[in-house]
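A.B. asks:
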Amino acid sequence: MARTSLRRLPLFVGLLLGASAALLLVTPLHCEAPPENIEPIINLQTRYVGTRQANQPAIIRPRFFSTELEIKEKLLAVALGEPHSLPTFGAALNHTLGSHVTKLIFYVCASSPTQDRVKLRPNVVHVSSGCNSLLYHVLSHLAARQFVKDYDFVLITRDSSFIRGENLMSLVNHISVAQEVYMGLPVSTDPRVCELEAGILFSRPTIEKVLANLEQCASTDLASLGDEDVTDCISQLAGFPCQTALGQGRYLSVDAERRFSSALFNDSQSPIISVAPLTSHTSFYRLNHYLDGQTSRKVRRQLQGISNAIADVNSKCDMPDNVWPRGVRSHFKPKKRFDIIRTTYFNRTHVLWPEDSRVALTLDDISMKDVDEVVRACEKLVQSTVELVDGWKTVDPAAGVRYTVDARIRGAMRRLEVVRPLSLTELVAMPYVTEEARITLVLWVHMHEVEEVQTFLDHYASLMKKGERTTLLLVFLLQRNGSEKVFDPIRSAAENYSKQFGKTPSRIAVIKIRCPKHLPEFGLVDIIASKLKKNDIILLIQPNVLLSANFLNRVRMNTIRSEQAFLPIPFAMFNPRISKITQSMSLSKDAGFFDEDSVDILSVYAGDYLEVRRTLAHIPLATVSADLDREAYRNSTFGIAELLLLCKQLHVMRAADPEVRLKYVRRDCDRISSNLREISHCYRSRKKKLGSKKQLAALLAPP
């Protein structure tokens, strides 16, 4: 122990010497002033800077991004006129020019506030300061209201001037918005001034410069200031003479009093923009009709050129020459015999073999309108009355719908081919939906389906284990004098699963409804919908259905409040004793088929259902079990699916869904009494669920 202490002695001695040397080498700090005379130095600059930043106003962003980016409208047209010419010349100018320009404003001269005052219109401004200086007051009004700041170009003309809006917009679209433009028809006596009758085109920089110095034009008496004097002043304020051309664009105007001729409009390289002055408002419509016909012929020539170019490309690319019409996708080419597209034969009243199970079917209203449109298209082509005899219709998923029509034209039989090509796909704006909505699964529990419901509860327990946001509502359908004991196994199983998965979002609820002998589908859903919130999704299911998480998410996405209901087509399994397929998850033509007759599985919002349900005034809403005995619920011919299709308030999405599987269960169609539609569907579906034709043939004639 003593030897260990001696070994540590040099260490303690070294530390002591080091600390003493450090104290001796450090210069001591002395304060000569007494403590009471010391003034603290506080840096206030940092606090001032922080306060200044806090007091800075917040950045105010404009409401529209076009305002922040200074995006302007294209063209503002201003027309000068008189009250008596507004119903004639003004209406004609609005008809021919209003649809082309961004905005058209009429300034009407009225010598007194009450004289010649017509019915006020939103695009008509009355000027009652004197008719001689109308142009000056118009410019003053534009400057005061700051109209021109929102437009790239401004056109000022009279209402007696015909303006070809299509050619005018083509001109301004090829001019830079940053250029100074003062364009029109020069006055014969002074080429520096643009004539108001032919129209004056300004760019925004030029018109803003003119409006800023407009007071220089009013140096004389306004009563003696005419429009000609104002146009002379505008030329001086613009700083450059009247322009007739700018780059590749030209402002061509025709004087209707001197050299008006139809030959002037035939030059496609030099399109006419204005014709002035016109003495009759009917001349507007005649000119517009003539120029529209000229434009139509021009478009036809362009289409013919495009068609010839497509034909030339087809010939060089070894494309078939029998492709018609040009530019439409070629018809679908099946790779297997199962992919062959069905072609149906039709006439004015019926369609033959629309399906394998139907020989003839009467044309419905939609099909009749379709046939009428085909006949009108044929009449437009041959310019004569067409009497349809018969035809063939092929729905081509790649090109559209093709018709081959036999018709009687002028007493002779002719065969015509009509194509309705697929148009461009349009995205329809729909409300935002998420996969977080809670779904209420409504399952009708009959007394003879207790075992099937218990099997379904075991299947639903797997969804509860995954934490699906669902509520299973078991609706016990009891007869008036029936006992509830038959449902005790289901009730106990539901309570056990609720306790086992009590911490998950999944729930199980039980409700009982005492029903009459007939089961009214409307009344049952009415009672359930009235007990739920309006924003709850109702999903009607069957006990033999196999649900999946993907299908539940698809229900949430395809069921849109106030917009859409979801009616999937389930995959029904064949009888396993006939198909020899025991795997319920198998999806093949030998395992089952998509049952188009099944409309028992559907989803809709509770609020949407109640709104649609109120449209049936002759069938009152049911809220309690006693309401189900009403006579209105008896002998109903349709169900909820037909109601959603007929009401037109909701879009119904109907599509095959491979995630919905129906296990084979032989339904007793004699027990169904809700509506006649369901009874007929039950018998037809029960036959199809036995097996495929191949399996049934093998059962009858074993190989």
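Those letters in the sequence shown? Residues -21 to -1, 1 to 682, per mature numbering (1 follows the signal peptide of the UniProt record, and there is no 0), in order. Note that the Cβ used here is the ideal one computed from N, Cα and C, for glycine as well. Values in this document were obtained by computation on a predicted structure and should not be read as measured data.
Give me the Cα-Cα distance between residue 526 and residue 596, rounded to the nearest whole angstrom.
C.D. replies: 35 Å
A.B. asks: Measuring CB to CB, does residue 122 end up less than 8 Å from residue 190?
C.D. replies: Contact flag set, yes.
A.B. asks: With a threshold of 16 other CB atoms inside 10 Å of the CB of residue 185, please say whether the residue is buried or exposed.
C.D. replies: buried
A.B. asks: When the Cα atoms are used, what is the spatial distance from residue 442 to residue 499?
C.D. replies: 30 Å
A.B. asks: Using CA coordinates, which residue listed in 411, 568, 566, 508 is at the minimum distance from residue 538?
C.D. replies: 411
A.B. asks: Check this for me: beta carbons of residue 543 and residue 629, under 8 Å apart or not?
C.D. replies: In this structure, residue 629 lies closer than 8 Å to residue 543 by Cβ.
A.B. asks: So is residue 137 buried or exposed if we call it buried at 16+ other beta carbons inside 10 Å?
C.D. replies: buried
A.B. asks: Here's the rule: buried if 16 or more other CB atoms are within 10 angstroms of the residue's CB, otherwise exposed. What is residue 438?
C.D. replies: exposed
A.B. asks: Which full runs of the beta strand (DSSP E) of 3+ residues lie inside the stretch 245 to 273, going along the chain?
C.D. replies: DSSP runs (the beta strand (DSSP E)) wholly in the stretch 245 to 273: 253 to 255.
A.B. asks: Could you give the DSSP three-state label for residue 162: helix, strand or coil?
C.D. replies: In the structure shown, residue 162 sits in a strand (DSSP, three-state: E or B).
A.B. asks: Does residue 362 come out as helix, strand or coil in the three-state DSSP assignment?
C.D. replies: coil
A.B. asks: Please return the same chain residues whose Cβ sits closer than 6 Å to the Cβ of residue 220, not counting the five positions on each side in sequence.
C.D. replies: 171
A.B. asks: Considering only DSSP beta bridges, list what residue 419 is partnered with.
C.D. replies: 450, 517
A.B. asks: Any idea if residue 529 is buried or exposed, counting beta-carbon neighbours within 10 angstroms, 16 or more meaning buried?
C.D. replies: That one is exposed.
A.B. asks: Candidates 469, 278, 125: which alpha carbon is nearest residue 426's?
C.D. replies: 469
A.B. asks: In whole angstroms, what is the alpha-carbon distance linking residue 128 and residue 590?
C.D. replies: 49 Å
A.B. asks: Considering only residues of the same chain and omitting the five flanking positions on each side of residue 429, which have a CB-CB separation below 8 Å?
C.D. replies: 465, 466, 468, 469
A.B. asks: Can you name the start and end residues of the beta strand (DSSP E) that residue 88 belongs to?
C.D. replies: 82 to 88
A.B. asks: Going by C-alpha distance, which of 353, 351, 330, 335 is nearest residue 342?
C.D. replies: 330
A.B. asks: Taking 8 Å as the threshold (C-beta atoms), are residue 519 and residue 421 in contact?
C.D. replies: yes
A.B. asks: Am I right that residue 140 and residue 253 are in contact with their C-beta atoms under 8 Å? What's the rounded C-beta distance?
C.D. replies: 6 Å
A.B. asks: So, residue 55 versus residue 144, is the Cβ gap smaller than 8 Å?
C.D. replies: no
A.B. asks: Going along the chain, which unbroken runs of the alpha helix (DSSP H) with 4 or more residues stay wholly within the stretch 477 to 512?
C.D. replies: 500 to 510, all fully within the stretch 477 to 512.
A.B. asks: Restricting to Cα atoms, I'd like to know which of 132, 445, 449, 315 is closest to residue 187.
C.D. replies: That would be 132, whose Cα lies nearest to the Cα of residue 187.
A.B. asks: Using CA coordinates, which residue listed in 550, 229, 340, 356 is at the minimum distance from residue 576?
C.D. replies: 550
A.B. asks: Between which two residues does the alpha helix (DSSP H) harbouring residue 555 extend?
C.D. replies: 555 to 558
A.B. asks: Tell me whether residue 53 sits in a helix, a strand or coil according to DSSP, three-state version.
C.D. replies: Three-state DSSP puts residue 53 in a strand.
A.B. asks: What span of residues does the beta strand (DSSP E) with residue 385 cover, start to end?
C.D. replies: 379 to 388
A.B. asks: Go through its chain and collect everything with a Cβ distance to residue 323's Cβ below 6 Å, but skip five positions before and after it.
C.D. replies: 330, 333, 372
A.B. asks: Enumerate in chain order the residues of its own chain whose CB-to-CB distance from residue 409 is below 7 Å, with the five nearest sequence positions on each side excluded.
C.D. replies: 539, 542
A.B. asks: Any idea if residue 161 is buried or exposed, counting beta-carbon neighbours within 10 angstroms, 16 or more meaning buried?
C.D. replies: With 16 or more other Cβ atoms within 10 Å, it is buried.
A.B. asks: Could you pull the start and end residues of the beta strand (DSSP E) that residue 638 belongs to?
C.D. replies: In the DSSP assignment, residue 638 falls within the unbroken beta strand (DSSP E) covering 630 to 641.
A.B. asks: So which of 207, 78, 85, 524 has the shortest CA-CA distance to residue 69?
C.D. replies: 85
A.B. asks: Closest to residue 447 by C-alpha separation, out of 473, 453, 419, 463, would be which residue?
C.D. replies: 419
A.B. asks: Any chance the stretch 155 to 169 sits against the stretch 212 to 226, with 3 or more Cβ pairs inside 8 Å?
C.D. replies: yes
A.B. asks: Where does residue 48 fall in DSSP's three states?
C.D. replies: Shown here, residue 48 sits in coil according to DSSP, grouped into three states, outside any helix or strand.
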